[in-house]
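First the structure, in the form of structure tokens, and then the observations on it.
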Amino acid sequence: MNPREEKVKIITEEFIENDEDADMGRQNKNSKVRRQPRKKQPPTAVPKEMVSEKSHLGNPQEPVQEEPKTRLLSMTVRRGPRSLPPIPSTSRTGFAEFSMRGRMREKLQAARSKAESALLQEIPTPRPRRLRSPSKKELETEFGTEPGKEVERTQQEVDSQSYSRVKFHDSARKIKPKPQDEEELLNGDDAEDLLLGLDHVADDFVAVRPADYESIHDRLQIEREMLFIPSRQTVPTYKKLPENVQPRFLEDEGLYTGVRPEVARTNQNIMENRLLMQDPERRWFGDDGRILALPNPIKPFPSRPPVLTQEQSIKAELETLYKKAVKYVHSSQHVIRSGDPPGNFQLDIDISGLIFTHHPCFSREHVLAAKLAQLYDQYLARHQRNKAKFLTDKLQALRNAVQTGLDPEKPHQSLDTIQKTINEYKSEIRQTRKFRDAEQEKDRTLLKTIIKVWKEMKSLREFQRFTNTPLKLVLRKEKADQKADEEAYEAEIQAEISELLEEHTEEYAQKMEEYRTSLHQWKARRKAQRAKKKKRKQAAEEHPGDEIAEPYPEEDLVKPSPPEPTDRAVIEQEVRERAAQSRRRPWEPTLVPELSLAGSVTPNDQCPRAEVWRREDVKKRSVYLKVLFNNKEVSRTVSRPLGADFRVHFGQIFNLQIVNWPESLTLQVYETIGHSNPTLLAEVFLPIPETTVVTGRAPTEEVEFSSNQHVTLDHEGVGSGVPFSFEADGSNQLTLMTSGKVSHSVAWAIGENGIPLIPPLSQQNIGFRSALKKADAISSIGTSGLTDMKKLAKWAAESKLDPNDPNNAPLMQLISVATSGESYVPDFFRLEQLQQEFNFVSDQELNRSKRFRLLHLRSQEVPEFRNYKQVPVYDREIMEKVFQDYEKRLRDRNVIETKEHIDTHRAIVAKYLQQVRESVINRFLIAKQYFLLADMIVEEEVPNISILGLSLFKLAEQKRPLRPRRKGRKKVTAQNLSDGDIKLLVNIVRAYDIPVRKPAVSKFQQLSRSSRMFSEKHAASPSTYSPTHNADYPLGQVLVRPFVEVSFQRTVCHTTTAEGPNPSWNEELELPFRAPNGDYSTASLQSVKDVVFINIFDEVLHEVLEDDRERGSGIHTRIERHWLGCVKIPFSTIYFQARIDGTFKIDIPPVLLGYSKEQNMILERGFDSVRSLSEGSYITLFITIEPQLVPGESIREKMSNMLKKFESQEDEKLLQATEKFQAECALKFPNRQCLTTVIDISGKTVFITRYLKPLNPPQELLNVYPNNLQATAELVARYVSLIPFLPDTVSFGGICDLWSTSDQFLDLLAGDEEEHAVLLCNYFLSLGKKAWLLMGNAIPEGPTAYVLTWEQGRYLIWNPCSGHFYGQFDTFCPLKNVGCLIGPDNIWFNIQRYDSPLRINFDVTRPKLWKSFFSRSLPYPGLSSVQPEELIYQRSDKAAAAELQDRIEKILKEKIMDWRPRHLTRWNRYCTSTLRHFLPLLEKSQGEDVEDDHRAELLKQLGDYRFSGFPLHMPYSEVKPLIDAVYSTGVHNIDVPNVEFALAVYIHPYPKNVLSVWIYVASLIRNR
Amino acid sequence: MATASPSVFLLMVNGQVESAQFPEYDDLYCKYCFVYGQDWAPTAGLEEGISQITSKSQDVRQALVWNFPIDVTFKSTNPYGWPQIVLSVYGPDMFGNDVVRGYGAVHVPFSPGRHKRTIPMFVPESTSKLQKFTSWFMGRRPEYTDPKVVAQGEGREAQPG
């Protein structure tokens, strides 16, 4: 099948379909109808066309059968063939097909969418092709191209009509389904035609159509109709606006419209025409008749930075160019044009002269002359202004206005308004009159003063018989017409009187009104009173008993008096008096003073000697001026002699070539007397000229200056700053200061081509201000720019700035401010001006929302929320309790909470410390976030030659040396750690001298009743221990089975049990460390307050067998542990020290029942001379943190650097010396502590020796051992050690070390080593000892302060925190090395080879061993102490102590019961009272040598009990440490069923509320 | 936390470190980790990873292809602190020492969908020429104490003096 055939087939089908469509409507008519459309189906098969066709068919011409050959045929002819059916045969086939398919499709009829037909209608071009011969087909297609014309008839009008009709149907059809359409069609005008046409069409025609032709004319015609070519003509505005609307120009109304984008005029017109045609509603046009347009969106600068394209250009973009730094000189347009080197601006300063208004060499006459001249100037100025005249005129005008206002001829205003304006006028008249009177009076007094001064001067000249000044005053009289004058005067007075009278009448009326009302009231009250009186009288009659009725308060009711009417005479009198005073009387001539220099000065030879001297002195003097630009001298005038008239003429012009905008311009006036050095008289500050002031136009201005120098002269000159008098008796003294005026002019120079050489305004501080520019025009331009405001406003007006353009807003604001006259320069700076723009919720909402609050608090780093994770999304998910702690803390900030502290004083102190801490932390907050390079980047240090050498040496080193060196651990910065990463390693090596069980205990198991007897024996002979032990030993009894328990952060670990008093465990315990809140930052770690408790216990096995019968078959034992002592090491110490390695003294209670020291050890150590001083038990430990953390050392260094910047009251030189000293010391021995300055509690740097000064210890302590100095010293040390210890590092977050003075320390009752040491040292100094503060390192404290004393040939080292003291050669002294010694007047740095106290010499007088701070080159300047003169101690309050004691006891008992939740806790009251009695004895003896008495006592009373317990002693700070201490002993852990407890607390008060707390805890088990 | 099941939103990150362009270096490996704010918590997947060592491709692109997968899920209550991925690339230097070749960070895309990010990499410079030489010689180039600092703002202010 060839393609054509196929096509043909398809066409046929199409045809049939169309046919069918057309057919439907007609089916009910007749069979012909049915056939007809099929045959002659018009191309579009659309009813509209059919309609028209049919009408044509009805035409008589229709039956023309021949195929028109040409297109030139008439319409009808052309139309004919179209309507002709196709070739019958084909149509037959079509019909056959139709009849077959028609049936099939009839069902689908409804589904035939109207869209299909509509489509066919709408697109007339695809004219249905008929099945015909190919030649015909060609024709057809040609026809198809002109769909619009097929329906045309001969007449164009008709055609157009039908066309429009067609259109109508067309559109109707589109909307309606087909059958309806058909009906409509029938209802249409053409119904008949259609029917007719149908008849005609019934015949089968064979039509041949000629090719359609359309004349060019027609085509144009059609095109004209179809196409629209918008005109380029301007559209008249009325077309663009709704009718009767005038165009409205928003811009003219003052609204900001913005700049429209540029569009060519013609294009705009075209668009307008187009829019008008398309859219007649004129929606596109604005009120001004123009097309609506947004302002031009194009910005002059790209707002987006150039984007790096992915590959090729990155390198190019990153490539940097090196440009040599060029000194910035502003290149101005002007300057470049003028050809000058850039930045060459010129300021011309013309100094024309200098006039002294007072000078020391002034004679009295000169003083008067100056005064006269001044007054005359004033007079001239006033005369010129003539304010009095102005006010008089104004007054006149106002009066006229009132007159006219009152005129009844003008009733055009309501009476009310007239009255109002008149009242306003009147008040104004009053005001003006007052002003005028004042002005006139001033004028008059000025004139009088001038005359008075002139008279004085004349009399002075006469008196001294010579004249010094050429001044001469002439009074010119101006006679006026007396009569007119008088009339005017009188009229004025009359006017005034009448006005006043009027005022008074008004006032009178007002008063009268008041009077009436008050009178009325008065009457009413009186009446009431009378009635009352009457009543009371009656009452009095009825009850004669109380006849003494109080007098009626008639006095209260003063009858108001009527106001006095004003008397005209009085007013007149007043007015006349006033006029006489202030006004020129009519008969007086007008006086005009004239000052001239016409007088002659008496020559020298006629003057007295003093005057001659004065004149000679004046001649000797000369004056010159220095010109200072930006406070630098740039030039000076020639020195000119002072003239006799005290005027100096310079007449010099200085051309200052400048680069920058000037900051200041100053003239300095220098005076030279003879050949002596010039003295600076005064400084004159010249204003910097405005940019408009250029040379030639600048007026000469006078600037006043004055000096405060005092000069007394021995001649006629009156001097300066010295009182003198014109009177002979010296009264009425005057003091004048040297003063004067410089006349000058400052202006900008003009370049060669007339352009002023002014540095651009932008140069002044532009960088700083540009940021502000947008916000505040005034601050951006600056006050200097303000002066030029008028010009600016003018310029703005000229350049037609749009006042509504937002871009110009700052400028407009500026101009409006300037033109309104008052220049308002904001004196504030607003930070974050745009904050409001960014507020997404209101502040209230922000505060109300819990989530926002939480976020806010977290970002503020409030401790409670600092590490709060996952702030919930919704408010409802946030519990109220989250804030509870925080709110509580806020509330408690100022409330002293006594519950936790019990003692109010300490509570206050705690609060105070908290506040100090907060303030300190705030101060250092900034520095905390200050990172050093080392914090961010790990970088190898620059190897110096020694390191290089060492590393070279290392190359030659053995790979595996026989004696390997320990390598340092790698340090870990604390930032990327989390829970569980950090472990605390505690290595317990061994212990010495652990107390051993008394044999009594061991024997107890064998002979249960012997203990009492045994101990009694011991009490009798305490010195016989050793034999007993020796006797015991053979029995094979274990002396003690100690083990160590380490507890830290609620984790407890313990070692295995060793045996004997010198056990060796060598065990490593590992304890996890958790930072508070999971915050492992350095700052957080530094403030960890946790303490590592190392407790030593004795493990005791008890057999619990009830009877001996089972002994053979089984062993039942109970393990008991007895606390022996403890060592406490704060975590902060470990953190800062990184590792702690050493032997520590175990803190053993003074009495350990059932235990005693093994004495034989002492015998072995016989070499130690002061052994007895430091006896005790010791434990060797090694503690470290794994991994090693970097302590916040860098922060500390940063802090110390910062701290130097804090203000200090020390001498600058001293501070420099300290820095030098420290640097020198650090260079030699970097590890030794050297301290010269410290920070006091207010943050100031203080020289350290100021802290040392003899201070009196409490008298109470001195009285205890009046004759024993050593005992007193120990007592004092004990007192100091009882003050609680509080490390600064903990309280101040490791930030800094604050030193408080001793009185502050005693007030705070808390401090760290330094404070303790300072106080102890001061006490020792006051006791007359030689004492020094010793800075060094100790175990376990690390860097610390001790006290060194010199006593009877040996040095003693005191630990101020424990009160213990050690000999210099004591191996167990915790002090390990010595950095420096500090005395009250010097500092000595240890420059010996060793720093261990055992190996150094403490003789500070030897400069080879000790480097002293103050030496011969820098002598001690005698620094005053920061300490108080004397410490004042309050007596200890025994009652309060007793109360506290009871409370603590109660709390502790409760706690112990809490700790034993599963057991019954019984308290043995008998034992408790025994213990309570015993504690004061312990305090008295300081816990020494009482054990045996004590034991005896106890056993006597509690013979039946097995007893274990001990007294604990500690300084009192809070309750919590006491509880912890009791807990750590583990007394409560005994779970023997019948155990009983005893607990006693004793508080011994020392002066200044220092409390020593003893707690005796014991457990008792009854022996059966 | 306040309630038993507080509302959170989840951010799932799936992707890979595809390839790198280090024209001068070869045999590199990379390490990724995430930096996120306090309100964020990883719930699934790996927060950190170290890739294999890759060699340059032999074609013109010379790309170092890792195709190293990233798969992590975060939950959060607050967009503040949106996670950033921090990449650090290491490789041997001339003497075989492992040195850092680049650090870089980018925010996890804010919108769902497939995103491709190219991160410019950088390394800290030595403070002086001499140090540059010695660090080159010793194979101890300057490194950040923690690669996460590249995603943080602290310590970047100009330091006085």
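Sequence lines, in order, name chains A and B. For the record, in the first sequence the residue sitting at position 636 is 636 according to my numbering, with numbers rising by one throughout. Numbering-wise, my numbering comes out as the position in the second sequence, counting from 1, plus 10000. No residue lacks a Cβ here, since even glycine has one placed at the ideal position from N, Cα and C.
For residue 945 of chain A, no CB of chain B lies under 9 Å from its own CB, so it is not counted at the interface with that chain. Chain-ordered listing is empty here: chain A has no CB closer than 7 Å to the CB of residue 10014 of chain B, the nearest sitting near 23 Å. Approximately 26 Å separates the beta-carbon atoms of residue 1382 of chain A and residue 1140 of chain A; this is outside 8 Å, ruling out the contact. Per DSSP, residue 266 of chain A is one residue of the alpha helix (DSSP H) stretching across 265–278. Note that the stretch 1090–1097 of chain A touches the stretch 1117–1137 of chain A; at least 3 beta-carbon pairs, one per stretch, sit closer than 8 Å. Taking 8 Å as the upper bound for CB-CB distance, residue 1040 of chain A and residue 1079 of chain A are not in contact here, some 43 Å apart.
Annotation: Cβ neighbours of residue 10078 of chain B in chain A (cutoff 7 Å, chain order): 871.
Taking the Cβ atoms as the reference, residue 1236 of chain A lies roughly 7 Å from residue 1413 of chain A, within the contact range of under 8 Å. When C-beta atoms of the stretch 1533–1540 of chain A are compared with those of the stretch 1435–1454 of chain A, fewer than three pairs fall below 8 Å, so the two segments do not count as touching. Annotation: Cβ neighbours of residue 940 of chain A in chain B (cutoff 9 Å, chain order): 10126, 10131, 10134, 10135, 10138, 10140, 10141, 10142. In the structure shown, residue 10050 of chain B adopts extended strand secondary structure according to DSSP, grouped into three states. Chain-ordered listing is empty here: chain A has no CB closer than 9 Å to the CB of residue 10059 of chain B, the nearest sitting near 15 Å.
Runs of the beta strand (DSSP E) spanning 3 or more residues and lying entirely within the stretch 10050–10089 of chain B occur at 10064–10076, in chain order. Beta-bridge pairing by DSSP links residue 472 of chain A to A:596. Residue environment analysis places residue 10017 of chain B among the buried positions, since at least 16 neighbouring C-beta atoms fall within 10 angstroms of its C-beta. A straight-line Cα-Cα distance of about 4 Å links residue 10103 of chain B and residue 10088 of chain B. For residue 847 of chain A, the enclosing alpha helix (DSSP H) begins and ends at 843–848.
Residues of chain A whose Cβ lies closer than 8 Å to the Cβ of residue 10105 of chain B do not exist, since the nearest Cβ in that chain is about 14 Å away. The shortest C-alpha to C-alpha distance from residue 10094 of chain B to any of B:10036, B:10105, B:10025, B:10106 is the one to B:10025. Cβ contact annotation for residue 365 of chain A (same chain, cutoff 6 Å, sequence separation greater than five): 460, 468, 469, in chain order. Under the Cβ criterion (8 Å, minimum of three pairs), the stretch 372–388 of chain A does not count as touching the stretch 663–677 of chain A.
Listed along chain B are 10038, each with a C-beta nearer than 8 Å to that of residue 868 of chain A. In summary, the residues of the stretch 10039–10058 of chain B whose CB is separated from some CB of chain A by less than 9 Å are 10039, 10040, 10041, in the order they occur in the chain.
Distances from the alpha-carbon of residue 522 of chain A to those of A:1119, A:501, A:490, A:561 put A:561 closest. In the DSSP assignment, residue 379 of chain A falls outside any beta strand (DSSP E) and within the unbroken alpha helix (DSSP H) covering 364–385. Beta-bridge partners of residue 10012 of chain B (DSSP): B:10073. Taking all protein chains shown into account, residue 10131 of chain B has 16 or more neighbouring C-beta atoms within 10 Å of its C-beta and is therefore buried.
For residue 874 of chain A, the residues of chain B that pass the 7 Å Cβ criterion are 10007, in the order they occur in the chain. Within the model, the alpha-carbon separation for residue 886 of chain A versus residue 844 of chain A is close to 20 Å. Considering only A:215, A:280, A:267, A:1392, the residue with the shortest C-alpha distance to residue 243 of chain A is A:280. Residue pairing by DSSP places residue 1563 of chain A opposite A:1508, A:1541 in a beta bridge. The straight-line gap separating the alpha-carbon atoms of residue 349 of chain A and residue 439 of chain A is approximately 39 Å.
Residue pairing by DSSP puts residue 1358 of chain A in a beta bridge opposite A:1347, A:1365. Under the criterion of beta carbons closer than 8 Å, residue 10032 of chain B and residue 10070 of chain B qualify as touching, at roughly 6 Å. Taking a 10 Å sphere around the C-beta of residue 1538 of chain A, we find fewer than 16 other C-beta atoms and assign the residue as exposed. Cα atoms of residue 1461 of chain A and residue 10086 of chain B: separation of roughly 53 Å, rounded to the nearest angstrom.
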